[in-house]
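Structure, as structure tokens:
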Amino acid sequence: MRIVIKFAGALLDRPLEALARQVAALARQGHEVLVVHGGGKIFTATLARLGIESRFNGGLRVTDRATRDAALMVFGGLLNKQLAAAISAAGQPAVGISASDAACFTAKPLTEPAGLGFVGELTGANAKFFQSLWKAKLVPVAACLGLGPGQEIYNINADQMAAAAAEYLGGEKLIYLTDVAGVLDGDAVVETVDCRDIEPLVAAGTVSGGMVLKLEACRRALNAGVREVRIVGGEIPGSILDAASGGSAGTRVIATRGRQREARAARRLTRLDPARVF
Ligand SMILES: Nc1ncnc2c1ncn2[C@@H]1O[C@H](COP(=O)(O)OP(=O)(O)OP(=O)(O)O)[C@@H](O)[C@H]1O
Ligand SMILES: [Mg+2]
Numbered sequence: 500m501r502i503v504i505k506f507a508g509a510l511l512d513r514p515l516e517a518l519a520r521q522v523a524a525l526a527r528q529g530h531e532v533l534v535v536h537g538g539g540k541i542f543t544a545t546l547a548r549l550g551i552e553s554r555f556n557g558g559l560r561v562t563d564r565a566t567r568d569a570a571l572m573v574f575g576g577l578l579n580k581q582l583a584a585a586i587s588a589a590g591q592p593a594v595g596i597s598a599s600d601a602a603c604f605t606a607k608p609l610t611e612p613a614g615l616g617f618v619g620e621l622t623g624a625n626a627k628f629f630q631s632l633w634k635a636k637l638v639p640v641a642a643c644l645g646l647g648p649g650q651e652i653y654n655i656n657a658d659q660m661a662a663a664a665a666e667y668l669g670g671e672k673l674i675y676l677t678d679v680a681g682v683l684d685g686d687a688v689v690e691t692v693d694c695r696d697i698e699p700l701v702a703a704g705t706v707s708g709g710m711v712l713k714l715e716a717c718r719r720a721l722n723a724g725v726r727e728v729r730i731v732g733g734e735i736p737g738s739i740l741d742a743a744s745g746g747s748a749g750t751r752v753i754a755t756r757g758r759q760r761e762a763r764a765a766r767r768l769t770r771l772d773p774a775r776v777f
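With the sequence shown counted from 1, adding 499 to any position gets you this note's numbering.
Quick look at the structure:
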């Protein structure tokens, strides 16, 4: 099975062995795993060290050239290589890649809201490249970056990146590993969230901040035909293996009935569209 796993930035600041072991185990079982990761505190700390001010617009980081260069160093460099090293050390060779490597992920600038700088959205994935990695039993670990116009690298929201990667690469499962046990209602983990309930949950104040963006990304993936989308706690032992094997960890996000079937049929038709997947 093809599985996309997104690592929260917060998890990258902690020991990675237990998570890496689970990713390696999935790959050993024969699954085609893609790991996508974002930044974390190390990025903010690096910006501060470089004297670069952090600014946000609509929840997105305003990314001028200096910020983008730092993102490339931290996401595409340090964190990407640390995560790949942890998975390789767990017994399954992993390769850390980003954007420009074999033009693996392409992007275009996000224009809404205006003035975000080098913030992009994914426009395609080099499916042949990923297939060759999986065939060689390698685990690709991708930073949330995309190659855009003029060979510029764009910073991409990691939740959206994981959803779009699952879409473009025909992922069947998408697992969001986060720093909480799932979608919470007070102290309780919500077992299932139907996409039509996202707005009401936000309006009621049950869901806020980063979880709103994540649920929107889940909806995108489901509407694009990804079969199963789950949000699980990275600190809960065994959560990746549980989520991958259809267990009950965390929160399952489900499409409103009927819509996903249409989406899957549409995906079968558009999957080989060379403008999006090459
Ligand atoms: N109802 C909710 N259930 C769970 N988390 C919620 C909820 N409402 C708000 N949150 C917040 O959303 C956070 C998760 O989103 P956040 O963007 O911080 O992490 P992430 O997306 O997993 O990682 P990253 O942004 O580094 O990629 C939680 O830590 C919590 O503070
Ligand atoms: Mg987030």
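The beta carbon of each residue, even a glycine, is placed where N, CA and C say it ideally should be.
Could you check where the alpha helix (DSSP H) with residue i kicks off and where it finishes?
i, result
"Val701", "Ile697 to Ala702"
"Phe628", "Ala626 to Lys634"
"Arg718", "Gly709 to Asn722"
"Leu676", "Counting along the chain, Leu676 falls outside any alpha helix (DSSP H), though it belongs to the beta strand (DSSP E) covering Lys672 to Thr677."
"Leu740", "Ser738 to Ala743"
"Ala613", "First-last for Ala613: undefined, no H or E at that position."
"Leu578", "That residue, Leu578, is in no alpha helix (DSSP H); it is neither H nor E in DSSP."
Are there 16 or more other CB atoms within 10 angstroms of the CB of residue i, so buried, or fewer, so exposed?
i, result
"Ser631", "exposed"
"Phe555", "exposed"
"Leu549", "exposed"
"Gly557", "exposed"
"Lys505", "buried"
"Pro648", "exposed"
"Gln659", "buried"
"Thr755", "exposed"
"Gln650", "exposed"
"Arg520", "buried"
"Glu727", "buried"
"Gly704", "exposed"
"Arg695", "exposed"
"Thr610", "exposed"
"Gly670", "buried"
"Ser738", "buried"
"Leu771", "For Leu771, the predicted model reports a pLDDT of 47, less than 50, meaning its position is unreliable; a value from the coordinates is still stated below. By the neighbour-count rule (16 or more Cβ atoms within 10 Å), Leu771 is not buried but exposed."
"Pro773", "Unreliable positioning characterises Pro773 in this predicted model, as indicated by a pLDDT of 42, which lies under 50. A coordinate reading is not provided."
"Glu516", "exposed"
"Ala720", "buried"
Using 8 angstroms as the threshold, is the C-beta distance between residue i and residue j below it?
i, j, result
"Lys672", "Met500", "yes"
"Asp678", "Ala524", "no"
"Tyr675", "Lys713", "yes"
"Ala657", "His536", "yes"
"Thr691", "Leu615", "no"
"Gln591", "Ala526", "yes"
"Ile596", "Val638", "no"
"Ala642", "Gly724", "no"
"Val503", "Val522", "no"
"Leu646", "Phe604", "yes"
"Arg729", "Gly709", "no"
"Leu700", "Ala663", "no"
"Gly619", "Val573", "no"
"Ala601", "Asn625", "yes"
"Val688", "Val706", "no"
So what does DSSP say about residue i, is it helix, strand or coil?
i, result
"Gly649", "helix"
"Leu683", "strand"
"Val573", "helix"
"Phe777", "Interpretation of Phe777 is limited by its pLDDT of 42, a score under 50 that renders its predicted location unreliable; the figure taken from the coordinates is listed afterwards. In the structure shown, Phe777 sits in coil (DSSP, three-state: anything other than H, G, I, E or B)."
"Val561", "coil"
"Val522", "helix"
"Arg751", "strand"
"Glu666", "helix"
"Leu546", "helix"
"Thr622", "strand"
"Glu727", "strand"
"Arg567", "helix"
"Ala593", "strand"
"Ala641", "strand"
"Asn656", "coil"
"Ile504", "strand"
"Asp772", "Bear in mind that the predicted position of Asp772 carries a pLDDT of just 49, short of 50, making it unreliable; the figure below should be weighed with that in mind. Here Asp772 sits in coil by DSSP."
Quick check on the DSSP output: the beta strand (DSSP E) that includes residue i runs from which residue to which?
i, result
"Val532", "Glu531 to His536"
"Phe604", "Phe604 to Pro608"
"Gly508", "Careful: Gly508 lies outside any beta strand (DSSP E), inside the alpha helix (DSSP H) at Gly508 to Leu511."
"Asp600", "Segment: none, Asp600 is in no beta strand (DSSP E) and carries neither H nor E."
"Thr691", "Thr691 to Asp693"
Go through the residues and name those whose CB comes closer than 5 angstroms to any heavy atom of ligand 4, in chain order.
Ligands present in the displayed structure are limited to ligand 1 and ligand 2, and ligand 4 is not among them.
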